[in-house]
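Working notes for the structure below.
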Amino acid sequence: MRGEGVPMTSRAKPGNLRFRLYMVLMVLVLATTALVVRAVDLQVVRKDFYQGEGDSRYLRDIPIAVSRGTIFDRNGEPLAVSTPVESIWGNPQELLANPEQLPVLAKALEVTTADLTERLVQRKDKEFLYLKRPVDPDAAAEILALKIPGVASERAFRRYYPSGEIMAHALGITNIDDRGQEGLELAFDDWLAGKPGLKRVIRDRLGHVVENVELLKEAQPGRDLTLSIDRRIQYLAYRELKSAILEHQASSGSMVILDVSNGEVLAMVNQPSFNPNSRVAIDPAFRRNRAVTDVVEPGSTMKPFTIAAALESGRWKPETPIDTTPGKLQLQGGYTISDFRNYGMINVGRVITKSSNVGAAKIAATLSSEHMYDVLHRFGFGEVSGCGFPGESPGFLPVSKSWGPVEKATIAYGYGLSVTPMQIAQAYAALANGGRLRQPGFVKGAINPDSAVIDPQIAASVRAMLETVVSPEGSGLAAAVPNFRVAGKTGTSRRAVAGGYEKRYVSLFSGMVPASNPRLVGVVIINDPGHGEGAYFGGLVSAPVFSKVMANALRLLDVPPDNVQRWYAGSPDVGHPIGPASAHPEYPADQPNYEEAVP
Numbered sequence: 013m014r015g016e017g018v019p020m021t022s023r024a025k026p027g028n029l030r031f032r033l034y035m036v037l038m039v040l041v042l043a044t045t046a047l048v049v050r051a052v053d054l055q056v057v058r059k060d061f062y063q064g065e066g067d068s069r070y071l072r073d074i075p076i077a078v079s080r081g082t083i084f085d086r087n088g089e090p091l092a093v094s095t096p097v098e099s100i101w102g103n104p105q106e107l108l109a110n111p112e113q114l115p116v117l118a119k120a121l122e123v124t125t126a127d128l129t130e131r132l133v134q135r136k137d138k139e140f141l142y143l144k145r146p147v148d149p150d151a152a153a154e155i156l157a158l159k160i161p162g163v164a165s166e167r168a169f170r171r172y173y174p175s176g177e178i179m180a181h182a183l184g185i186t187n188i189d190d191r192g193q194e195g196l197e198l199a200f201d202d203w204l205a206g207k208p209g210l211k212r213v214i215r216d217r218l219g220h221v222v223e224n225v226e227l228l229k230e231a232q233p234g235r236d237l238t239l240s241i242d243r244r245i246q247y248l249a250y251r252e253l254k255s256a257i258l259e260h261q262a263s264s265g266s267m268v269i270l271d272v273s274n275g276e277v278l279a280m281v282n283q284p285s286f287n288p289n290s291r292v293a294i295d296p297a298f299r300r301n302r303a304v305t306d307v308v309e310p311g312s313t314m315k316p317f318t319i320a321a322a323l324e325s326g327r328w329k330p331e332t333p334i335d336t337t338p339g340k341l342q343l344q345g346g347y348t349i350s351d352f353r354n355y356g357m358i359n360v361g362r363v364i365t366k367s368s369n370v371g372a373a374k375i376a377a378t379l380s381s382e383h384m385y386d387v388l389h390r391f392g393f394g395e396v397s398g399c400g401f402p403g404e405s406p407g408f409l410p411v412s413k414s415w416g417p418v419e420k421a422t423i424a425y426g427y428g429l430s431v432t433p434m435q436i437a438q439a440y441a442a443l444a445n446g447g448r449l450r451q452p453g454f455v456k457g458a459i460n461p462d463s464a465v466i467d468p469q470i471a472a473s474v475r476a477m478l479e480t481v482v483s484p485e486g487s488g489l490a491a492a493v494p495n496f497r498v499a500g501k502t503g504t505s506r507r508a509v510a511g512g513y514e515k516r517y518v519s520l521f522s523g524m525v526p527a528s529n530p531r532l533v534g535v536v537i538i539n540d541p542g543h544g545e546g547a548y549f550g551g552l553v554s555a556p557v558f559s560k561v562m563a564n565a566l567r568l569l570d571v572p573p574d575n576v577q578r579w580y581a582g583s584p585d586v587g588h589p590i591g592p593a594s595a596h597p598e599y600p601a602d603q604p605n606y607e608e609a610v611p
């Protein structure tokens, strides 16, 4: 019989089967609808959001490093160049997720695992951390060869200074980001630095660039800079200054050399110096450019400007007599001015030759404070020289209203005011340039107009007086340069302390050569010379440095000697006696006069 043996309860009812089929179909429809909705949401509704999230993990805007402009000396020799290096960086999150790799990475970075871990933990919420920079490209390649997840590198540049400490103070330094921090690197930073570019790239999870997407901003490399400094003369000045510092056991010193014809700085050196290529901590005292930041009381190097003011007043002429007897001058309040010895009756020119404090003070007493201040200010004292060097000091020239008889007298021979070596060089360059002042400059060929500060005849008269200083009668014989006429002035001053002066000295010499037609002006300042009996006079300490540097500098610049007539047969020997005392029997070399009155 049909259906026999099959219970009726086990048979599927047609209605139930249809219901189950509907349920399955509905689930499939709902699932399909959900997938479609989700796809629309991802691909249409929130496309930008999810694309941005994806890009944020792999798309990066990274800077394009640019090299800093090269700095050249006036002859085209490189003084500062940028070399390519690498910066090793890492993703703290990814590195902390692989702690077994940290000891290997720490060893490659030459740090301890503990220090590396601590740095990563401090930046654990970030995705970028510089691990080491700058790194030599070969060393960076070895680190990247370890293939540690989350470690990558980027191109950078580092400054290198071929001349080392010889040019350190003039050039200054850059920081780890290759931006100028001191010196001319800072002064011309905008010119040298250039502008980094920006590009968009896709990086993989290891930080490697797999595709350049687009250039967002084009890189502009830094521009080159040609300085007025002559590397050869800079080296001469550095060598001789350092030798004098060691010989006289001095604490520090500076030398500045200017080209009279255009005001360009040919050399500027200081001691002690530092190595700008070293990234270790450098004593700030060594990094200070004393030639423009440190001030001293100029001592007798100020007397030529007192005489210039006197000649301009019309009350004095070079041959006007002045009585300095008995070698001392008592001022109000018990202040006494002294000379090295009693020079008796001398003229104005001999005040410079003998460096008479009494004579300078008596001359100043006849001048108005306003006129004397005006002359000194015209020569650039009391304000920055305008050379543009960062941190330059204006020195200190008290206003004339504050001058009493004592103040006027002491300023006349270089006390009671303060100046930088650069200011002294600028002022002497004005005397050498026929009474026309130029601002010192560090860029070769820059437009640098001059301005009249004193009558040319007065400047010539003062130069003639300064020539007598570099003779056996004066205190600057050691500054003589063979075959050239030299005009200059020695100076020796005590260092000021609170309440007076201590028995520590500053030795100075400032001069020009050739005196017949000045081309170079040089200033040498040495602080705290202390080796040898009386070896603190400017004529003994600083003048020899001037002589040695200028003798070679004139040769390098092909400046013809004053006695060139001697080189031609039958030519008469004309002109001023030139060169060291040994070249002239009438100048006994064994009896030089280094007298320098020091109050």
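Residue numbers (the numbering used here): 13 to 611.
No residue lacks a Cβ here, since even glycine has one placed at the ideal position from N, Cα and C.
Notebook entry, point to check: Which class does Trp328 belong to by DSSP, given the choice of helix, strand or coil?
Noted result: coil
Notebook entry, point to check: CA-CA distance, Asn103 and Arg244?
Noted result: 49 Å
Check: Where do the N-terminal and C-terminal ends of the beta strand (DSSP E) with Ala177 fall, by residue?
Finding: Correcting the residue type first, residue 177 is Glu in the shown sequence and not Ala. No beta strand (DSSP E) contains Glu177, which DSSP labels as neither H nor E.
Check: Out of curiosity, what's the CA-to-CA distance linking Asp190 and Pro149?
Finding: 17 Å
Next item on the list: Please say whether Ser412 and Glu382 have beta carbons closer to each other than 8 Å?
Entry: yes
Next item on the list: Taking all protein chains shown into account, decide if Tyr34 is buried (16 or more other Cβ within 10 angstroms of its Cβ) or exposed.
Entry: exposed
Check: Under 8 Å between the Cβ atoms of Ile358 and Ala373?
Finding: no
Check: Grouping DSSP H, G and I as helix and E and B as strand, with all else coil, what is Phe408?
Finding: strand
Next item on the list: Enumerate in chain order the residues of its own chain whose CB-to-CB distance from Ala444 is below 6 Å, with the five nearest sequence positions on each side excluded.
Entry: Val272, Met524, Pro530 and Val533
Next item on the list: Go ahead and label Gly587 buried or exposed: buried means 16 or more other beta carbons lie within 10 angstroms of its beta carbon, across all protein chains shown.
Entry: At Gly587 the pLDDT is 39, less than 50, meaning the model places this residue with poor confidence; the figure from the coordinates comes in the next sentence. Gly587 comes out exposed.
Notebook entry, point to check: Can you tell me the Cα-Cα spacing of Ala231 and Pro75, whole angstroms?
Noted result: 9 Å
Note to self: Which complete alpha helix (DSSP H) runs does the segment 365–400 hold, if anything under 4 residues is left out?
What the structure shows: 369–377 and 381–390
Check: Given Phe317, which residues of its chain have a CB within under 7 Å of its CB, disregarding the five upstream and five downstream residues?
Finding: Val387, Leu388, Phe391 and Ala439
Check: From Ile364, Ile436 and Ala563, pick the residue whose C-alpha is nearest to that of Ser397; which is it?
Finding: Ile436
Item checked: Pair within 8 Å by beta-carbon distance, Gly447 and Ala464 -> yes
Item checked: From Gly453, Leu278 and Thr95, residue whose alpha carbon lies closest to that of Asn87 -> Leu278
Checklist line | Cα-Cα separation, Gly356 to Leu198 | finding: 53 Å
Item checked: Where the beta strand (DSSP E) through Tyr513 begins and ends -> Gly512 to Val525
Next item on the list: Please report the residue range of the alpha helix (DSSP H) in which Ala444 lies.
Entry: Pro433 to Ala444
Item checked: Residue closest to Glu130, alpha-carbon to alpha-carbon, out of Pro146, Pro111, Val147 and Ala120 -> Pro111
Next item on the list: Decide yes or no for the touch test of the segment 515–524 against the segment 231–241: beta carbon pairs closer than 8 Å, at least 3 of them.
Entry: no
Next item on the list: Return the bridge partner residues of Asn539 from the DSSP annotation.
Entry: Ser264 and Val518
Next item on the list: May I ask you to report which of helix, strand or coil DSSP gives Thr336?
Entry: coil
Notebook entry, point to check: Taking C-beta to C-beta, are Gly192 and Leu204 nearer than 8 Å?
Noted result: yes
Checklist line | For Ala508, the first and last residue of its enclosing beta strand (DSSP E) | finding: Ala499 to Val509
Next item on the list: Let me know the secondary structure DSSP gives Gln232 once reduced to three states.
Entry: strand
Notebook entry, point to check: Should Gly346 go down as buried or exposed, given a rule of 16 or more other Cβ atoms within 10 Å for buried?
Noted result: exposed
Check: Which term fits Val482, buried or exposed, when burial requires 16 or more other beta carbons within 10 angstroms of its beta carbon?
Finding: buried
Check: Candidates Ala476, Ser175, Ala303 and Ile470: which alpha carbon is nearest Glu89's?
Finding: Ser175
Margin query: Taking the alpha helix (DSSP H) that Gln283 belongs to, which residues open and close that run?
Written below: Taken as a continuous stretch (DSSP letters only), Gln283 belongs to no alpha helix (DSSP H), being part of the beta strand (DSSP E) at Val277 to Gln283.
Next item on the list: May I have the straight-line CA-CA distance separating Val474 from Arg327, to the nearest angstrom?
Entry: 15 Å
Checklist line | Option in Glu106, Glu252, Lys136 and Arg171 with minimal Cα separation from Asn564 | finding: Glu252
Checklist line | First through last residue of the alpha helix (DSSP H) which encompasses Lys420 | finding: Pro417 to Ala424
Check: Do three or more CB pairs link the segment 538–557 to the segment 258–270 at distances below 8 Å?
Finding: yes
Notebook entry, point to check: What span of residues does the beta strand (DSSP E) with Gly550 cover, start to end?
Noted result: First-last for Gly550: Gly550 to Val553, but that is the alpha helix (DSSP H), not the beta strand (DSSP E).
Item checked: Close-in-space but distant-in-sequence residues of the same chain around Asp602 (CB under 8 Å, 5 per side omitted) -> In this prediction, Asp602 scores a pLDDT of 36, lower than 50, which makes its location untrustworthy; the coordinate-derived value is nonetheless stated afterwards. Excluding sequence neighbours, Asp602 sits near nothing in its chain.
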